[in-house]
Every structure is written in structure tokens, then in C-alpha cells.
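The structure appears below as C-alpha cells.
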Amino acid sequence: MRRLANPASKGSLTAPSSIILFGPPGVGKTTLAYIVAKQSGRVFEELSAVTSGVKDVRDVLKRAHERLVSEGKETVLFIDEVHRFSKSQQDALLPSVENRDVTFIAATTENPSFSVIKPLLSRSVVVKLESLEPDDLKTLINRAIASEHGLDNEIRITDEAVDEIIRMAGGDARKTLTILEAAAGALTGDKERKKGAKRPIITPDVVSKVMDVATVRYDKDGDDHYDVISAFIKSMRGSDPDATMHYLARMLRAGEDPRFIARRIMIAASEEVGMAAPQVLQVTVAAAQAVAMIGMPEARIILAEAALAVATAPKSNASYNAINAALADVDAGLIGQVPLHLRNAPTALMKSWGNHEGYRYAHDWPGAVAPQQYMPDELQGREYYHPNDRGYEHEVKPRLERIRKILHEEDDNGDGRSGQRNA
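Right under this line is the structure:
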């Protein structure tokens with residue numbers, strides 16, 4: 001960015017001709033682009049991806065090329081919300097970026113890996129911008145109050161009110177200034193200030209009146225959406241009910257579909273809790289049904305109950321691991337033939353093939369466990385399910401060990417009956 005901001009006559013050929021500024025709203029993406037143009041002496045052209053089409057892009061690029069050829073002046077083309085550009089619109093930029101007819105600077109709140117076409121992305125330097133720190137926003141507020149282009153010291157503000165504005169702004173400079181301006185306007189009108197009335201003071205109460213809901217940074221199509229969802233799931237997995245409630249609240253306040261949240265909770269019930277507390281899945285399924293029937297705002301209580309059931313339950317991913325291991329074997333071609341005694345035999349012909357012959361009906365055996373082979377020959381002895389010692393699986397584990405021992409027993413008596421046994 002510094003190399004780009006140098007005067008054009010001193011600019012280095014190694015400076016990038018295309019930059020993508022990726023970050024949340026209000027962190028200065030547009031301002032950075034304008035500074036580059038102003039300090040380098042380049043002409044600044046701006047397009048919004050929301051309102052501009054391919055024709056607009058081509059018109060700007062044509063002017064930039066003509067300006068460069070006839071006047072020797074370079075152009076900074078800034079496109080806001082470039083992720084909203086279609087593929088054809090982004091394709092139209094490529095020749096001018098490659099030929100360095102323009103210095104292309106784009107701004108996006110979405111991950112450019114997913115929203116910018118690969119040819120343009122490969123020719124660009126991606127600069128990731130973070131939310132502004134509280135100290136940065138505090139400096140911004142003080143400057144806005146003191147500047148003659150701002151409030152010109154016509155109001156005062158308490159430290160507590162500054163902290164409240166910063167909290168509500170969520171790292172967004174634009175939001176910070178908007179709240180400050182609204183708070184100043186709520187105290188007194190321009191005419192009263194010009195009459196020399198005593199300078200009013202912005203307090204936390206004033207801030208709360210003009211901004212009663214803090215900014216929740218959460219774009220349902222952007223990275224923050226997936227970050228918050230990821231944190232929500234990991235908090236349930238990690239058995240932290242408080243963090244679970246925090247991320248649930250963020251999703252709800254941001255307007256996330258409660259049915260989507262309910263589905264994620266159901267998945268977590270199986271993936272994270274599983275057989276350690278199988279009843280939790282029933283709770284989450286009932287919650288999803290209730291959410292669909294009731295809707296917001298009451299659905300928040302149902303979602304909270306279901307999420308807390310997952311977060312506070314004993315954990316096991318044994319079911320998750322078991323099915324994945326079995327799928328891996330099937331995908332690898334380890335299938336084999338179904339043993340004859342397990343095959344269906346609805347006709348005499350199929351019985352003559354040996355289907356169903358020798359099958360042992362489990363309920364006729366002690367403990368409803370018959371010693372016989374269920375796996376194909378190629379997979380005999382393969383074990384996928386490995387319960388842990390938590391929750392209900394603490395009971396399942398020793399019982400399963402006894403069952404597996406019976407299943408693999410040799411038939412000493414010829415008829416499979418080797419004495420009474422309880423599973």
C-alpha cells in the first residue's frame with residue numbers, strides 16, 4: 001500500500017496493480033483506496049458493485065486508458081462490494097488489470113477465495129483488515145468532537161459514554177461516528193448550539209436512547225456466519241454452556257433462521273453426544289419440531305434448552321467414528337458377500353441355493369445373542385464401534401465386550417448351543 005501511495009513518477013514497477021481489501025464494515029477500506037489515489041496523484045474512480053453493470057465497468061476502463069495515453073495520468077479504480085460482481089463483470093476487469101491501465105483496488109466483506117474469480121484473485125494482493133481496536137475508536141471519537149469539520153467542541157462526552165459507543169459499534173468506525181452524531185443531535189439542535197448555550201454532555205443514557213441494540217457483526221452469507229456457527233458447535237462439543245448461550249444469542253440477534261440453528265443442534269446431538277446420552281437426540285428433535293411450530297421469539301427458549309442439553313451431556317463421538325470407518329471400508333472396496341445364512345429365501349429355489357440355511361434366530365438364544373457370523377468373510381473380526389466410558393456408553397462397553405465374545409464363539413456342540421449365557 002505504501003508503494004502504491006508514492007507519487008506516480010516515483011512509483012516502483014514492483015508495486016501491485018491490483019489489491020483486494022478484505023475485512024468487516026467500517027474499517028477504512030474506502031478511505032485507504034482514496035488515500036492511495038490522493039497521495040500518488042492518480043485520478044480516483046469509484047464504482048459500486050450494487051449499482052454498476054458491465055457497461056459501467058467498461059466505460060470507466062476506457063476513460064482510464066485514454067487518460068493514461070493522452071495525459072499520462074494513472075487511475076485508481078475502486079470497486080466497493082466486489083463480491084457482488086458477477087463473473088462477467090469481473091472478467092471485464094482482467095485486461096486492464098493485466099495491462100496496468102488502472103490500479104485496481106476492491107473492497108469486500110466476504111472471503112475473496114469464494115467471491116472473486118480465480119484469474120482476478122491470482123493477479124491481486126489480498127490485504128486482510130481487522131476490526132478497529134477500542135483505542136482506535138476512542139481516538140476517532142475525540143477527533144470528531146474536536147475537529148471543526150466535526151462537532152467543533154460543541155458537546156462534551158463522558159468516558160462511560162465513549163465506552164458505550166465503542167461497545168455498540170463493534171469495531172466499526174462508520175458506526176461509531178453515526179452513533180456519536182445521533183447522540184449529539186439528540187441533545188440539542190444546531191440553533192441552540194450557535195446561541196452559545198452551555199455545552200451539553202453525552203452520557204451513556206443518551207447513547208442508549210439513540211442506539212438501543214448494539215451492532216451484531218454477522219453476515220449470513222459471509223465468513224462471520226460460519227465463524228459464529230463454528231464457535232457455537234465447538235462450545236457445545238466442549239461442554240461450555242455459557243459460551244454456547246453467547247453464540248446462540250449472537251445468531252438470534254443477527255436474525256439467523258431458528259430452524260437452521262435447530263438443525264445444527266440436532267446434528268451435534270448425534271455427532272458430539274451420541275450413545276453417551278442417546279436421549280439427547282430425542283430432546284433436540286422435539287425442539288426442532290417445536291421451533292417450527294412456534295417460531296420466534298419463544299423459539300429462543302426451546303433452542304436454549306436443546307443446546308444446553310447437548311452442551312451439558314456426557315460426550316462420545318463413537319457413533320460418528322463408527323460410521324465413518326465403515327464407509328471408508330466400503331469406499332475402499334471392502335464389501336464381500338453377505339453370508340448365506342443371512343440371505344433372504346422367500347422361494348424354494350432360493351432355499352435350494354442355501355439361502356437362510358443355518359440361520360440362528362437371536363431370540364431363541366440366551367440373552368438374545370446367538371453365536372454366528374454376521375460380517376462378510378472378508379471383514380470377519382472387523383470392529384467399527386468402540387464405546388467410551390462416559391455416560392450410557394459406560395454400560396454399553398462391558399455389555400458389548402460380552403456380546404462380541406459370544407458372537408465369535410466356536411460351536412462346540414454342533415448346534416451352536418454352548419450353554420446358558422446372559423449378555
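For the sequence shown, UniProt numbering begins at 1 and goes up steadily by one.
Backbone N, C-alpha and C fix where the C-beta goes; we use that ideal spot for every residue, glycine too.
Taking DSSP as the reference, what is the three-state secondary structure of residue i?
i	result
E45	strand
T176	helix
V125	strand
Y106	According to the sequence as given, residue 106 is Ala; it is not Tyr. A106: strand per DSSP, three-state reduction.
E395	helix
S352	helix
D152	coil
T75	strand
L21	strand
R193	Only weak support is given to the placement of R193: the predicted model assigns it a pLDDT of 48, under 50, and the value that follows is read from those uncertain coordinates. R193: helix per DSSP, three-state reduction.
I202	strand
A231	helix
D377	helix
D224	helix
H80	The sequence given here has Asp at residue 80, not His. Correct three-state label for D80: strand.
S52	coil
N344	coil
A332	coil
I117	coil
M236	helix
Hey, how far is the Cα of residue i from the Cα of residue j?
i	j	result
V126	S48	19 Å
Y361	V396	22 Å
K191	E154	In this prediction, K191 has a pLDDT of 45, which is less than 50 and means its spatial position is unreliable; nothing more can be read from the coordinates.
L379	L334	7 Å
A64	R123	19 Å
R300	A288	11 Å
R193	R199	Since pLDDT at R193 reaches only 48, below the 50 mark, its modelled position is unreliable, and the value read off the structure follows with that caveat. Rounded to whole angstroms, R193 to R199 spans 8 Å at the Cα level.
G171	V280	38 Å
D135	A277	47 Å
D411	P371	With a pLDDT of 42 at D411, under the threshold of 50, the modelled position of that residue is not reliable, and no figure is offered here.
G368	I403	Reading off the sequence shown, one finds Ala at residue 368, where the question assumed Gly. Each residue's Cα considered, the two are about 10 Å apart.
F104	V76	6 Å
W365	H408	15 Å
Y385	A304	31 Å
P24	I202	27 Å
D240	I233	10 Å
R250	A292	20 Å
A318	A345	34 Å
I19	S208	39 Å
I302	L177	38 Å
E181	T312	45 Å
R156	R58	49 Å
A306	N324	25 Å
P204	V36	37 Å
R259	R42	50 Å
E272	H363	32 Å
G414	M350	Since pLDDT at G414 reaches only 44, below the 50 mark, its modelled position is unreliable, and no value is offered.
Going by C-alpha to C-alpha distance, which of the options sits closest to residue i?
i	options	result
F78	K118, Y34, K62	Y34
A286	V43, A262, K198	A262
M266	A368, A313, M251, T284	T284
K29	L132, K73, L61, R100	L132
E110	D80, V97, K209	D80
H83	G72, I117, H246	I117
G354	V338, I229, V273, T176	V338
L137	E160, F104, V102, A173	A173
Y374	W365, P387, S96, Y359	Y359
K55	F85, S147, R253	F85
S17	H246, S352, I302, S96	S96
K405	E383, G391, E393, G238	E383
I166	L342, A318, G26	G26
G238	M211, A37, A268	A268
L21	L248, G295, P112, E272	P112
D377	L93, D389, L342	L342
D91	E71, P119, R100	P119
V50	L32, V69, A107, S40	A107
G381	G391, E401, H394, E393	E401
V102	V162, G72, E298, N321	G72
M211	I179, S115, D224, V60	I179
Specify, as a first and last residue, the run of the alpha helix (DSSP H) that residue i falls within.
i	result
D159	159–169
P241	241–253
Q372	From DSSP, Q372 is part of no alpha helix (DSSP H); its letter is neither H nor E.
V291	279–294
S316	Taken as a continuous stretch (DSSP letters only), S316 belongs to no alpha helix (DSSP H), as it is neither H nor E.
V97	94–99
Y34	29–40
M266	258–268
R143	134–146
D91	87–91
P366	From DSSP, P366 is part of no alpha helix (DSSP H); its letter is neither H nor E.
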